[in-house]
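FYI, the numbering for the sequence shown is -10 to 517, going by the numbering used here.
Idealized CB from N, CA, C, for every residue including glycine.
Quick caveat, the model's predicted, so the values are computed rather than measured.
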Amino acid sequence: MAWHYNPVVSWDQKVEKYLSQALGHSEFTRITHALSRPSLKQSVRVNTLRSKVEDVASKLNSSISLTSPASSLHVHPQIPYILTLNGAGPRNVDYSPCNGREVVVNRMAGEAILRGAQVYCPGLLAASGGLAAGDLVGVSVALELPGSRWCGIPRGMVLDGEGKKRQKQQRSCHEDNGVGGQGRRPGLGAEVELPDRTHLFLGMGRCVQGRRAMFRNQNGLAVEMVDRVYDVPSLNGILPGEIIAQALPSILAAQVLAPLPGSRVLDMCAAPGGKTTMMAQLMQDRGEVIALDRTHAKVTEIRAYAASLGLTSIMAIKADATRAVKGWQSKDKTLSENPSDKPRQFGTPEEEMSSMNEDGGEAFEGFEPESFDHIMLDPPCSALGLRPRLSHTWTLDQLYRMADYQKALIHAAVALLKPGGTLVYSTCTINPAENEGNVKYILQRWGGRQSRSCEEEAALACKMKLIPAEPVLGGPGLSIAECASMNSQDMPWLTPYDADLVQRCDPSDRDGHDTIGFFIAKFKKEIL
-10 MAWHYNPVVS WDQKVEKYLS QALGHSEFTR ITHALSRPSL KQSVRVNTLR
40 SKVEDVASKL NSSISLTSPA SSLHVHPQIP YILTLNGAGP RNVDYSPCNG
90 REVVVNRMAG EAILRGAQVY CPGLLAASGG LAAGDLVGVS VALELPGSRW
140 CGIPRGMVLD GEGKKRQKQQ RSCHEDNGVG GQGRRPGLGA EVELPDRTHL
190 FLGMGRCVQG RRAMFRNQNG LAVEMVDRVY DVPSLNGILP GEIIAQALPS
240 ILAAQVLAPL PGSRVLDMCA APGGKTTMMA QLMQDRGEVI ALDRTHAKVT
290 EIRAYAASLG LTSIMAIKAD ATRAVKGWQS KDKTLSENPS DKPRQFGTPE
340 EEMSSMNEDG GEAFEGFEPE SFDHIMLDPP CSALGLRPRL SHTWTLDQLY
390 RMADYQKALI HAAVALLKPG GTLVYSTCTI NPAENEGNVK YILQRWGGRQ
440 SRSCEEEAAL ACKMKLIPAE PVLGGPGLSI AECASMNSQD MPWLTPYDAD
490 LVQRCDPSDR DGHDTIGFFI AKFKKEIL
């Protein structure tokens, strides 16, 4: 069979059933297909504190015309400081010049290539024998086998020829395969049954070094892509300080919060700093933006990012946002503790959940209740809306427990928000439990009952009012009317009225924006 790109992405069976029921089978099928492809509309935020949009557009047009001639550039019709780069695909790639020569990359490298990256040495798994600099090769991606984190291809394997499924392992297999690495690997000289990859080819590239150097070097460019199935322009290193490549819904979330100059703003889970810097830009760099993260490395990254954009209103602090309220000495065990066998944000479920158990901000005393005008809460999430994503390993139990962890952050956010202040809650997942479910939780928990808040919440009873998340680019949230077939006790859906107030950005391009999957809700705090 000819090399092509048509991946079959698998889900945990219970998760697939759950999402299929919640979203509808046809919609879930469309979303699954879209998640395995990159967005062809790349958003670029102009740093308007330094540059004019028209000047940046002219310079950017000149830059991308050299690297991606098929791309086109437009000013976004609703958000005028956003430039949209249109890529192309899927495209038919002629692999005949490769003469059967091939390199295989791990999944994470493959996803990066779909976003416009080149092939770097750390992402390589296997390659045809005798490759030399200048050789043209087909570039394929290896996916983890069902129920495993092992892709079935040992790192360093010599591919003996196009289409062969059984091959001798010719190099040591003790190196990590770069996909997480669990599972049994064949020994030296063992016969290996290779997974079919004829439908997993990303394009054609030219080797910049020989085969031996590719696997010997720990870093550096291995293969330069010359023809791609999806031609998405890479913005790496282009116009530093003037543009920020950022997903459109992420930009939208900050725009929905719309903090004014002079405001005091909290970004509770700030890394890598896109929304943090966006809010500072909206405030004309006047006021105070507090950015929290649990790790020193990410806090350092946020500070460097802000400095590179010339922003001075941002203060990044290492802290656990669930303990951000002064006087909260211990976590609510039912809301904020998570087992260690859960996932890293935007990675595997195991890595994401374990990262939430890291201790952080030991010397941080917290903020006074009701001390922020605006709060951005974009919590750690299952990231099921990110694309391209070629593997989905979350279990249903992990998805529900992630939503519970987010509730601990919601409690802190409500306590820290001033009366009259606004809160934006956003995620990059399609999971209703983390989206509509948590909005419903807020409306039920702070729905206006005449009761005092508990000891670890704001001093006064309050109401969190759901208000329109504007400007509107996405569709409505999931409502009771749409999801009547599911158990409402397990998943509290929104009323049709409330569903119209939130935004669910659809990765299946139903709304025409071709974005990642994203969810945005906005609340205003009122005193009873």
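For residue i versus residue j, is the C-beta distance shorter than 8 angstroms?
| i | j | result |
| --- | --- | --- |
| Asp256 | Leu281 | yes |
| Gly123 | Arg19 | no |
| Lys264 | His285 | no |
| Ser252 | Gly276 | yes |
| Leu246 | Ala310 | no |
| Val413 | Leu366 | yes |
| Gly76 | Ala98 | no |
| Leu455 | Leu406 | no |
| Ala115 | Pro184 | no |
| Met272 | Val108 | no |
| Glu359 | Pro408 | yes |
| Ile232 | Arg34 | yes |
| Leu27 | Leu74 | This sequence places Pro at residue 27; Leu is not what is there. No, Cβ-Cβ distance for Pro27 and Leu74 is not below 8 angstroms. |
| Arg96 | Leu379 | yes |
| Gly299 | Arg39 | yes |
| Leu237 | Tyr7 | no |
| Met203 | Cys110 | yes |
| Val92 | Val254 | no |
Taking all protein chains shown into account, decide if residue i is buried (16 or more other Cβ within 10 angstroms of its Cβ) or exposed.
| i | result |
| --- | --- |
| Lys514 | buried |
| Arg217 | buried |
| Ile516 | exposed |
| Pro135 | exposed |
| Val221 | buried |
| Leu249 | exposed |
| Met304 | exposed |
| His63 | exposed |
| Thr301 | exposed |
| His502 | buried |
| Ser83 | The displayed chain sequence assigns Asp, not Ser, to residue 83. It counts as exposed. |
| Pro377 | buried |
| Glu182 | exposed |
| Val(-3) | exposed |
| Tyr(-6) | buried |
| Arg201 | exposed |
| Leu177 | The pLDDT assigned to Leu177 is 42, lower than 50, so where the model puts this residue is not dependable; a value taken from the coordinates is nonetheless given after this. Looking at its Cβ environment, which holds fewer than 16 other Cβ atoms inside 10 Å, Leu177 is exposed. |
| Ala(-9) | exposed |
| Ser205 | Contrary to the premise, residue 205 reads as Arg rather than Ser in this sequence. Exposed, because fewer than 16 other Cβ atoms sit within 10 Å of the Cβ of Arg205. |
Just grab the DSSP bridge partners of residue i for me.
| i | result |
| --- | --- |
| Gly464 | Arg493 |
| Thr418 | Thr418 is not bridged to any residue. |
| Val130 | Val94 |
| Gly436 | Lys452 |
| Ile306 | Leu281 |
| Ile516 | Cys451 |
| Leu189 | Tyr(-6) |
| His363 | Val254, Thr411 |
| Met267 | DSSP, once it has assigned bridges, lists no residue as partnering Met267. |
| Ile469 | In the DSSP output, where bridge partners are listed per residue, Ile469 has none listed. |
| Met146 | Ala115 |
Less than 6 angstroms between C-beta atoms, sequence neighbours within five positions excluded: which residues of the same chain meet that for residue i?
| i | result |
| --- | --- |
| Lys153 | Summary for Lys153: the model assigns pLDDT 49, below 50, so the residue's position carries little reliability, and this model does not support an answer. |
| Gln198 | Ala122 |
| Glu5 | none |
| Phe353 | Ala308 |
Who are the Cβ neighbours of residue i in its own chain at under 7 angstroms, not counting the five residues just before and after it?
| i | result |
| --- | --- |
| Cys417 | Cys370, Ala372, Gly374, Leu375, Ile505, Gly506, Phe507 |
| His267 | According to the sequence as given, residue 267 is Met; it is not His. Cβ neighbours of Met267 beyond the five flanking positions: Arg34, Ile240, Ala243. |
| Ile431 | Ile399, Met453, Phe512 |
Might you give, ordered along the chain, the residues of its own chain that have their beta carbon closer than 8 angstroms to the beta carbon of residue i, omitting 5 neighbours on each side?
| i | result |
| --- | --- |
| Pro69 | Val42 |
| Cys451 | Val403, Pro408, Trp435, Ser442, Lys514, Glu515, Ile516, Leu517 |
| Leu29 | Asn75, Gly76, Ala77, Gly78, Tyr219, Val221, Asp503 |
At which residue ranges does the segment 5 to 34 contain complete alpha helix (DSSP H) runs of 4 or more residues, listed in the order of the chain? For the segment 5 to 34, whole alpha helix (DSSP H) runs of length 4 or above, ordered along the chain, are 14 to 24.
If we require 3 or more residues per run, which beta strand (DSSP E) segments fall completely within the segment 51 to 116? Qualifying beta strand (DSSP E) stretches, in chain order: 61 to 64, 71 to 75, 91 to 94.
Going residue by residue through the segment 204 to 240, where are the continuous beta strand (DSSP E) segments of at least 3 residues, counting only ones entirely within it? As far as the segment 204 to 240 is concerned, its whole beta strand (DSSP E) runs of at least 3 residues are 210 to 217, 232 to 234.
Length-filtered (3 minimum) beta strand (DSSP E) runs lying within the segment 354 to 401: Taken in chain order, the whole beta strand (DSSP E) runs of length 3 or more contained in the segment 354 to 401 are 361 to 366.
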